[in-house]
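What follows is a single structure, written as structure tokens, with notes after it.
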Amino acid sequence: GAVVSQHPSRVICKSGTSVKIECRSLDFQATTMFWYRQFPKQSLMLMATSNEGSKATYEQGVEKDKFLINHASLTLSTLTVTSAHPEDSSFYICSADRGGTTEAFFGQGTRLTVV
Amino acid sequence: DAKTTQPTSMDCAEGRAANLPCNHSTISGNEYVYWYRQIHSQGPQYIIHGLKNNETNEMASLIITEDRKSSTLILPHATLRDTAVYYCIVRVVSNYQLIWGAGTKLIIKP
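From first to last, the protein sequence lines are chains A and H.
Sequential numbering of the first sequence, starting at 1, is according to our numbering.
Sequential numbering of the second sequence, starting at 1, is according to our numbering.
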């Protein structure tokens, strides 16, 4: 199956700093990518939908100025958590979609810990 | 958008078939049923999907009722590595979003 690579898998940062997470589709072009956040023992919560070459669409309650999403190419989307705080600590997951009725492919996830 | 309901948790003996039910009574005619699973601290893994007909692949079988209001995922010979949270999801065709429910925590016991 198609491969989505997410990097880093784990990051610890200091409060107030920014962290960038990359999501790459390795063997297909992804016109749409999705970013999720998952808190312990909870389901995935969609944060935003990212389309190549256009602005991301954020879900209600997600601060677009805090979670910057860039989808500059058909194989790369980035999520930057700006001015991170401990409450931003979570598991962040991206997925890439080839469209149509095929399945979405998920990255390995990034465990962010803000100290 | 159609929502799904699943049991919170299930146990299954190793080597037996694991049958995971899902209700999606408000599904519309052009929405697919997808199944994913998530092993602890990993990204979700695609298992199978279907529209109307039953489907089978190397991982599992998907049985969809004739009225499409429910489905069952079958893992034919469960192993300890199948312990995970299993999500039944209805695909929103218009914008390709996946709407995630709480899932079923499946525990395979030796």
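Cβ atoms here follow ideal geometry from the backbone N, Cα and C, with glycine treated the same way.
From a predicted model like this one, the values you see are computed outputs, not experimental measurements.
Test: threonine 75 of chain A CB closer than 8 Å to a CB of chain H:
Position 75 of the first sequence, counted from the first residue, corresponds to residue 75 of chain A. Chain H, which has no Cβ nearer than 8 Å to the Cβ of threonine 75 of chain A, makes this no.
DSSP bridge partner residues for proline 21 of chain H (one or two, in chain order)
By one-based count along the second sequence, residue 21 of chain H stands at place 21. For proline 21 of chain H, which the question treats as bridged, DSSP gives the partners H/Thr72.
Of the residues A/Glu22, A/Thr57 and A/Pro86, the one placed nearest threonine 75 of chain A, counting alpha carbons only
For the purposes of this step, residue 75 of chain A is taken as the residue at position 75 of the first sequence. Per the Cα distances, A/Glu22.
Apart from the five residues on each side of it in sequence, which residues of its chain come closer than 6 Å, Cβ to Cβ, to threonine 78 of chain A?
Translated into positions along the first sequence, residue 78 of chain A becomes position 78. Closer than 6 Å at the Cβ level, and outside the excluded window around threonine 78 of chain A, lie Lys20, Glu22 and Asn70.
Given a cut-off of 8 Å on the beta-carbon distance, is the pair lysine 64 of chain A and tyrosine 58 of chain A in contact?
Residue 64 of chain A sits at position 64 when you count from the first residue of the first sequence. Residue 58 of chain A sits at position 58 when you count from the first residue of the first sequence. Yes, the pair counts as a contact, with Cβ atoms nearer than the cut-off.
Evaluate contact between the segment 90 to 105 of chain A and the segment 23 to 30 of chain A, counting only Cβ atoms and requiring at least three cross-stretch pairs below 8 Å.
yes
Against chain A, with Cβ distances strictly below 8 Å, would tyrosine 113 of chain H count as a contact?
For chain H, the structure presents residues 1 to 110; residue 113 of chain H sits outside this window and is missing.
Taking the straight line between their C-alpha atoms, what separation do you get for methionine 47 of chain A and lysine 109 of chain H?
Translated into the one-based positions of the first sequence, residue 47 of chain A becomes position 47. Translated into the one-based positions of the second sequence, residue 109 of chain H becomes position 109. One C-alpha to the other measures close to 35 Å.
Just to confirm before moving on: does the CB-CB distance between isoleucine 47 of chain H and tryptophan 35 of chain H stay below 8 Å?
Locating residue 47 of chain H in the second sequence gives position 47, where the first residue counts as 1. Locating residue 35 of chain H in the second sequence gives position 35, where the first residue counts as 1. Yes, the pair counts as a contact, with Cβ atoms nearer than the cut-off.
C-alpha distance - glutamine 42 of chain H paired with glycine 109 of chain A, whole-angstrom precision:
For this step, residue 42 of chain H is matched to residue 42 along the second sequence. For this step, residue 109 of chain A is matched to residue 109 along the first sequence. Glutamine 42 of chain H and glycine 109 of chain A: Cα-Cα distance of roughly 6 Å.
Decide if glycine 15 of chain H is buried, meaning its Cβ has at least 16 other Cβ atoms within 10 Å, or exposed.
For this step, residue 15 of chain H is matched to residue 15 along the second sequence. Exposed is the call here.
Please report whether the beta-carbon of histidine 49 of chain H lies at a distance below 8 Å from any beta-carbon of chain A.
Here the question's residue 49 of chain H lines up with position 49 in the second sequence. Closer than 8 Å to some Cβ of chain A, the Cβ of histidine 49 of chain H qualifies, so yes.
Consult DSSP for arginine 16 of chain H and reduce its assignment to one of helix, strand or coil.
Indexing the second sequence from 1 puts residue 16 of chain H at position 16. If DSSP states are grouped into helix, strand and coil, arginine 16 of chain H belongs with coil.
Taking Cβ-Cβ distances shorter than 7 Å, what residues in chain H pair up with threonine 17 of chain A?
Here residue 17 of chain A corresponds to residue number 17 of the first sequence, with the count starting at 1. Within chain H, no residue comes near threonine 17 of chain A; the closest Cβ sits about 23 Å away, beyond 7 Å.
Strictly under 8 Å for the Cβ-Cβ distance: is isoleucine 98 of chain H near chain A by that measure?
Taking the first residue of the second sequence as position 1, residue 98 of chain H is located at position 98. Per the sequence presented here, residue 98 of chain H reads as leucine, with isoleucine not at that position. Yes, its Cβ sits closer than 8 Å to a Cβ of chain A.
Does the beta carbon of isoleucine 93 of chain A sit closer than 8 Å to a beta carbon anywhere in chain H?
The count along the first sequence starts at 1 and reaches residue 93 of chain A at position 93. Chain H, which has a Cβ nearer than 8 Å to the Cβ of isoleucine 93 of chain A, makes this yes.
Need the endpoints of the beta strand (DSSP E) that threonine 32 of chain A sits in, please.
The sequence position of residue 32 of chain A within the first sequence is 32, counting from 1. 32 to 38 is the extent of the beta strand (DSSP E) around threonine 32 of chain A.
Which one or two residues does DSSP pair with isoleucine 107 of chain H in a beta bridge?
As a first step, residue 107 of chain H is located in the second sequence; it is residue number 107 there, counting from the start. The partner list for isoleucine 107 of chain H (beta bridge, DSSP) reads H/Asp11.
Excluding sequence positions up to five away, which residues of its chain have a Cβ less than 7 Å from the Cβ of threonine 49 of chain A?
Counting from one through the first sequence, the residue named residue 49 of chain A turns up at place 49. Excluding sequence neighbours, threonine 49 of chain A sits near Thr32, Phe34, Ala56 and Thr57.
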